[in-house]
Every structure is written in structure tokens, then in C-alpha cells.
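Engineer: Structure in C-alpha cells, see below.
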Amino acid sequence: MKKDIHIVEEPIADYKKAEEDLLKKGLSSTYTERFHTMARLMKLNMILKFVKITHKKIE
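Okay, so the sequence shown: first residue is 6 according to this note's numbering, each after it adds one.
If you want it as C-alpha cells, here you go:
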């Protein structure tokens, strides 16, 4: 008896195209959008700098 083998093939990731798309998106943004994005990242960095993470033991 011959067994039918069904293999699900995952699509091959095209990392180079994804990187190029991100660069194009970044270059198409205006200076104002870049400024606001950087300001948000700086605020988040200031918040996370002083965060203290504690773990509770699960009982």
C-alpha cells in the first residue's frame, strides 16, 4: 500500500523585501511624523527606565 503524505509547506519569508518596504515607509514619512515618533519613544524610555518588575510565586 502506498501512503499519501500531505506536507503543509510554509511560505518562504522574504526578509530582504520586508526590510526594503520598512525603509521605504520610513523615508516616506515627514520630518514632523519622525519627530513625533521619536518623542513617543523617548517618553516611553523615560517611563521604562524606572520600572521595577517583581515576580510573585504562584501557589
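From the three backbone atoms N, C-alpha and C, an ideal C-beta is built for every residue, glycine too.
From L32 to E25, what distance separates their C-alpha atoms?
Structural biologist: On the sequence shown, position 27 is the one that residue 32 refers to. On the sequence shown, position 20 is the one that residue 25 refers to. Near 10 Å, if we compare the C-alpha coordinates of E25 and L32.
Engineer: Would DSSP call S34 helix, strand or coil?
Structural biologist: For the purposes of this step, residue 34 is taken as residue 29 along the sequence shown, with counting starting at 1. Note: S34 maps to coil in three-state DSSP.
Engineer: Using the three-state DSSP reduction, which class does D26 fall into: helix, strand or coil?
Structural biologist: As a working mapping, residue 26 is identified with position 21 in the sequence shown. Reduced to three states, the DSSP call for D26 is helix.
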